[in-house]
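A.B. asks: Below you will find the structure I want to go over with you.
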Amino acid sequence: MRVKLFEEHNCKKNVLSLFVITLLFCFVSGHLRVPEELSLFWPVNALIAGLMVRNPFLHRTRYYAACFAAMVFNDTVFSGWALPAFTLNIANILFILVAVSVLAKYFQPVSGSERITNALRIYPACLLAAFVCATWGALAQEGTFDAQLFTAWGDWLSEQFSTGSMLLPFLLTRDWQSTPLRNLLHISRLSPIFAVILSLIVGAMMGGAGSLTFPVPALIWCALVLPIPLTSLIILLTGITEIILVSHGVMNVQGAGNLLPLSPLTSARLGVATIAISPLIVAVSMDAIRQLNQRLALRANFDFLTQLLSRSGLYESLKEEYFTSRREMGVIMIDVDYFKTINDNFGHDAGDRVLEEMARRLQDVVGETGLICRFGGEEFVVILFDHNAQQLFDMAETLRQAIAKEKFWLQGNTLTVTASLGLALGSATDDRNWHSVAHRLISAADKNLYLSKRNGRNQTSPVNAQRAFTSDVA
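Numbering (my numbering), first residue to last: 3 to 476.
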């Protein structure tokens with residue numbers, strides 16, 4: 003059962019949810035403080051920003067006030083701060099406000115190409131929000147213009163930028179519901195994850211400023227073969243791991259002769275944020291390609307007019323059916339009677355309306371019990387499994403009556419439309435897949451369909467119908 007944390011028209015629930023979430027993550031982040039410094043990670047700002055971007059109705063003053071109240075409450079009760087609890091947390095609210103203001107209008111349902119552009123917007127949005135946050139936070143923390151102010155500003159900027167750059171892509175790029183877990187438990191999907199872990203170990207052993215970049219090839223490998231949510235999570239965990247390794251001196255990135263007085267931790271944070279960009283771009287691009295391929299496959303497998311399976315879609319669907327030589331397949335071939343006359347008298351648009359209504363009536367009868375295909379022109383094919391000859395005939399007659407008993411509306415006029423049907427039934431015998439079985443039975447059903455037309459139309463020729471005929475029927 004899914005629990006909705008936020009509802010657009012439930013202000014009290016939204017305020018309470020934001021207050022509790024903010025308080026919880028402030029409490030956790032407060033226990034990640036480096037002695038005499040700010041927190042090693044402060045994910046609250048990026049988390050709240052992500053929630054507000056995904057739920058734009060939260061971008062209201064009252065909800066920012068709820069987050070601010072939770073931050074002040076946490077610092078006052080658990081950190082023993084008084085006035086700083088108010089001044090410093092304004093910086094946190096500024097980060098959320100700027101990030102949401104920049105990103106909120108872009109991260110709604112979009113196409114693949116737009117998703118790539120929007121993913122790239124995360125980084126300048128995080129940089130701008132981190133700049134505003136760091137400027138206020140450093141001034142509120144130090145209060146004087148000296149070297150310590152610049153150091154504090156660098157700490158604020160690097161922490162906010164790195165955390166936002168790692169966390170927001172994870173929160174915004176894609177829903178986890180589109181990523182079945184069973185599809186991930188394969189060696190080809192797990193290998194890049196092992197490669198990331200190995201590269202982190204090698205980077206910690208090698209040391210130096212370049213050690214931060216060791217995981218980049220493995221992260222790009224993840225982006226190529228894994229879905230976006232998992233790739234974003236791996237990027238996030240990799241960045242967190244590198245920052246922790248640097249802060250504890252396990253990964254040494256200290257360089258000599260720095261032009262700016264940046265601490266190793268500040269430098270590492272900025273490096274991690276920059277490194278995260280490349281694999282995310284690759285991941286979003288690959289996701290756009292996958293979605294394009296899915297849309298192309300969908301277009302090829304379904305008939306645009308009737309929304310039924312196309313001929314190629316029918317054969318693709320048959321690949322998913324359980325195959326055994328003893329299982330029987332039934333085929334119903336349907337052809338609209340005098341369809342050319344309908345087109346000639348009422349126009350091709352009217353003919354299209356007839357085909358659409360035909361498809362609807364067929365779907366109403368068959369439902370989920372079989373496969374329905376627009377085989378070509380005014381011909382339809384219904385495939386049923388595990389039906390005997392009588393059951394197949396009964397289904398065909400139900401379909402024929404559903405077509406004939408209710409008139410079709412064409413350009414303000416009513417018209418009775420009928421169809422002729424031919425049946426075929428058989429098992430696999432020497433065939434090795436349903437594709438070849440269907441091809442054989444459709445050919446047999448088409449001959450019985452011809453017999454129905456030859457004998458007067460608007461009728462069904464059963465499986466064992468007499469197939470002696472000598473002339474063509476239009």
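For glycine and all other residues, C-beta sits at the position ideal for the given N, C-alpha and C.
Look up residue 330 in the DSSP assignment and say whether it is helix, strand or coil.
C.D. replies: Taking the sequence shown and counting its residues from 1, the one referred to as residue 330 is at position 328. Residue 330 falls in the strand class under three-state DSSP.
A.B. asks: CB residue 61 to CB residue 102, shorter than 8 Å?
C.D. replies: Position 59 of the sequence shown, counting from 1, holds the residue named residue 61. Position 100 of the sequence shown, counting from 1, holds the residue named residue 102. Going by C-beta atoms, residue 61 is nearer than 8 Å to residue 102.
A.B. asks: Can you name, in chain order, every residue of its own chain whose Cβ lies under 6 Å from the Cβ of residue 305, other than the five neighbours on each side?
C.D. replies: For this step, residue 305 is matched to residue 303 along the sequence shown. These residues qualify, in order along the chain: 312, 376.
A.B. asks: Short of 8 Å in beta carbon distance, which residues of its chain neighbour residue 88, apart from the five on each side in sequence? Order them along the chain.
C.D. replies: Within the sequence shown, numbered from 1, the residue matching residue 88 stands at position 86. Within the same chain, residue 88 has close Cβ partners 74.
A.B. asks: On the CB-based measure, 16 or more other CB atoms within 10 Å of its CB, does residue 44 come out buried or exposed?
C.D. replies: In the sequence shown, residue 44 corresponds to position 42, counting from 1. Buried, because 16 or more other Cβ atoms sit within 10 Å of the Cβ of residue 44.
A.B. asks: Considering only residues of the same chain and omitting the five flanking positions on each side of residue 93, which have a CB-CB separation below 6 Å?
C.D. replies: Indexing the sequence shown from 1 puts residue 93 at position 91. Around residue 93: 135, 138, 139.
A.B. asks: How would you call residue 281, buried or exposed, if buried means at least 16 neighbouring beta carbons within 10 angstroms?
C.D. replies: Locating residue 281 in the sequence shown gives position 279, where the first residue counts as 1. Buried: at least 16 other Cβ atoms inside 10 Å.
A.B. asks: Give me the Cα-Cα distance between residue 494 and residue 279, rounded to the nearest whole angstrom.
C.D. replies: The structure shown has nothing for residue 494, since the chain only spans 3 to 476.
A.B. asks: What's the call for residue 314, buried or exposed, on a 16-neighbour Cβ count within 10 Å?
C.D. replies: Within the sequence shown, residue 314 is the residue found at index 312, counting from 1. Exposed, because fewer than 16 other Cβ atoms sit within 10 Å of the Cβ of residue 314.
A.B. asks: Helix, strand or coil, according to DSSP, for residue 253 in the structure here?
C.D. replies: Residue 253 sits at position 251 when you count from the first residue of the sequence shown. Residue 253 falls in the coil class under three-state DSSP.
A.B. asks: Can you find the residues in the same chain that come closer than 7 Å, C-beta to C-beta, to residue 260, ignoring five residues on each side of it along the sequence?
C.D. replies: Taking the first residue of the sequence shown as position 1, residue 260 is located at position 258. Note that residue 260 scores a pLDDT of 47, beneath 50, so its modelled location is shaky; the value from the coordinates is reported in the next line. So the list is empty, once near-sequence residues are dropped.
A.B. asks: Contact between the segment 213-221 and the segment 270-277 is defined here as three or more beta-carbon pairs at a separation below 8 Å; is this criterion met?
C.D. replies: Segments in contact, yes.
A.B. asks: Where does the unbroken alpha helix (DSSP H) through residue 172 begin, and where does it stop?
C.D. replies: Within the sequence shown, the letter at position 170 stands for residue 172. Start and end: 149-174.
A.B. asks: If we ignore side chains and look at the alpha-carbon of each, how far apart do residue 9 and residue 168 end up?
C.D. replies: Taking the sequence shown and counting its residues from 1, one reaches residue 9 at position 7. Taking the sequence shown and counting its residues from 1, one reaches residue 168 at position 166. Their Cα atoms are separated by approximately 27 Å.
A.B. asks: As a quick exercise: from 151, 97, 172, 107, pick the residue whose alpha carbon is nearest that of residue 128.
C.D. replies: Position 126 of the sequence shown, counted from the start, is the residue given in the question as residue 128. Checked all of 151, 97, 172, 107; the closest Cα to residue 128 is 97.
A.B. asks: Starting from residue 315, trace the alpha helix (DSSP H) both ways and give me its first and last residue.
C.D. replies: Within the sequence shown, numbered from 1, the residue matching residue 315 stands at position 313. Taken as a continuous stretch (DSSP letters only), the alpha helix (DSSP H) holding residue 315 covers 313-320.
A.B. asks: Am I right that residue 421 and residue 336 are in contact with their C-beta atoms under 8 Å? What's the rounded C-beta distance?
C.D. replies: To locate residue 421, count along the sequence shown from 1; it is residue 419. To locate residue 336, count along the sequence shown from 1; it is residue 334. That pair is a contact at about 5 Å.
A.B. asks: Is residue 172 near residue 226, with beta carbons less than 8 Å apart?
C.D. replies: The residue given as residue 172 occupies position 170 in the sequence shown. The residue given as residue 226 occupies position 224 in the sequence shown. Result no, Cβ atoms of residue 172 and residue 226 do not sit closer than 8 Å.
A.B. asks: CB of residue 355 to nearest heavy atom of the ligand PLP: below 7 Å?
C.D. replies: Absence of the ligand PLP is noted for the structure shown, with no ligands found whatsoever.
A.B. asks: Apply the 10 Å Cβ neighbour rule to residue 126 and answer buried if 16 or more other Cβ atoms are within range, or exposed otherwise.
C.D. replies: If you number the sequence shown from 1, residue 126 lands on position 124. By the neighbour-count rule (16 or more Cβ atoms within 10 Å), residue 126 is not buried but exposed.
A.B. asks: Quick check: the Cα distance between residue 399 and residue 462, rounded to an integer number of angstroms?
C.D. replies: Residue mapping note: residue 399 aligns to position 397 of the sequence shown, counting from 1. Residue mapping note: residue 462 aligns to position 460 of the sequence shown, counting from 1. Going from the Cα of residue 399 to the Cα of residue 462 covers about 7 Å.
A.B. asks: As an exercise, report each continuous alpha helix (DSSP H) stretch of at least 4 residues that is fully enclosed by the segment 29-77, in chain order.
C.D. replies: Here the runs fully enclosed are 46-56.
A.B. asks: Thinking C-beta only, is residue 401 closer than 8 Å to residue 373?
C.D. replies: By one-based count along the sequence shown, residue 373 stands at place 371. By one-based count along the sequence shown, residue 401 stands at place 399. Not in contact: residue 373 and residue 401 (Cβ atoms no closer than 8 Å).
A.B. asks: Are the CB atoms of residue 363 and residue 391 nearer to each other than 8 Å?
C.D. replies: Position 361 of the sequence shown holds residue 363. Position 389 of the sequence shown holds residue 391. Against a cut-off of 8 Å, the Cβ pair of residue 391 and residue 363 comes out as no contact.
A.B. asks: Compute the beta-carbon to beta-carbon distance between residue 316 and residue 383, rounded to the nearest angstrom, for a pair I have assumed lies under 8 Å.
C.D. replies: Stepping through the sequence shown from its first residue, residue 316 is reached at position 314. Stepping through the sequence shown from its first residue, residue 383 is reached at position 381. Correct: roughly 7 Å between the Cβ atoms.
A.B. asks: Give me the Cα-Cα distance between residue 303 and residue 319, rounded to the nearest whole angstrom.
C.D. replies: Numbered from its first residue, the sequence shown carries residue 303 at position 301. Numbered from its first residue, the sequence shown carries residue 319 at position 317. One C-alpha to the other measures close to 9 Å.
A.B. asks: Let's test the definition: count the other Cβ atoms within 10 Å of the Cβ of residue 412 and tell me whether it reaches 16, buried, or not, exposed.
C.D. replies: If you number the sequence shown from 1, residue 412 lands on position 410. By the neighbour-count rule (16 or more Cβ atoms within 10 Å), residue 412 is buried.
A.B. asks: To the nearest angstrom, report how far apart residue 442 and residue 464 are at their CA atoms.
C.D. replies: Here the question's residue 442 lines up with position 440 in the sequence shown. Here the question's residue 464 lines up with position 462 in the sequence shown. So the alpha carbons of these two residues sit roughly 16 Å apart.
A.B. asks: Starting from the Cα of residue 425, find the closest Cα among 153, 393, 131 and give me that residue.
C.D. replies: By one-based count along the sequence shown, residue 425 stands at place 423. Selected option, being the one with the closest Cα: 393.
A.B. asks: Contact defined as beta carbons within less than 8 Å: I believe residue 427 pairs with residue 330. What is the distance between those atoms, to the nearest angstrom?
C.D. replies: Position 425 of the sequence shown, counted from the start, is the residue given in the question as residue 427. Position 328 of the sequence shown, counted from the start, is the residue given in the question as residue 330. The pair is a contact, with the Cβ atoms about 6 Å apart (cut-off 8 Å).
A.B. asks: For residue 124 versus residue 170, is the C-beta spacing smaller than 8 Å?
C.D. replies: Residue mapping note: residue 124 aligns to position 122 of the sequence shown, counting from 1. Residue mapping note: residue 170 aligns to position 168 of the sequence shown, counting from 1. Yes; because the gap between Cβ atoms is below 8 Å, this pair is in contact.
A.B. asks: Give me, in chain order, the residues of the same chain whose beta-carbon lies closer than 8 Å to that of residue 106; leave out the 5 immediate sequence neighbours on both sides.
C.D. replies: As a working note, residue 106 is residue 104 in the sequence shown. Here the set comprises 54, 55, 58, 61.
A.B. asks: Does the Cβ-Cβ distance between residue 246 and residue 271 come in under 8 Å?
C.D. replies: The count along the sequence shown starts at 1 and reaches residue 246 at position 244. The count along the sequence shown starts at 1 and reaches residue 271 at position 269. No.
A.B. asks: With H, G and I counted as helix, E and B as strand and the rest as coil, what does DSSP make of residue 411?
C.D. replies: Within the sequence shown, residue 411 is the residue found at index 409, counting from 1. Correct three-state label for residue 411: strand.
A.B. asks: Figure out for me which residue from 13, 81, 161, 197 has the closest Cα to the Cα of residue 32.
C.D. replies: As a first step, residue 32 is located in the sequence shown; it is residue number 30 there, counting from the start. Answer by Cα proximity: 81.
A.B. asks: Please tell me whether residue 122 and residue 104 are closer than 8 Å, where the distance is taken between their beta carbons.
C.D. replies: Locating residue 122 in the sequence shown gives position 120, counting from the first residue. Locating residue 104 in the sequence shown gives position 102, counting from the first residue. Result no, Cβ atoms of residue 122 and residue 104 do not sit closer than 8 Å.
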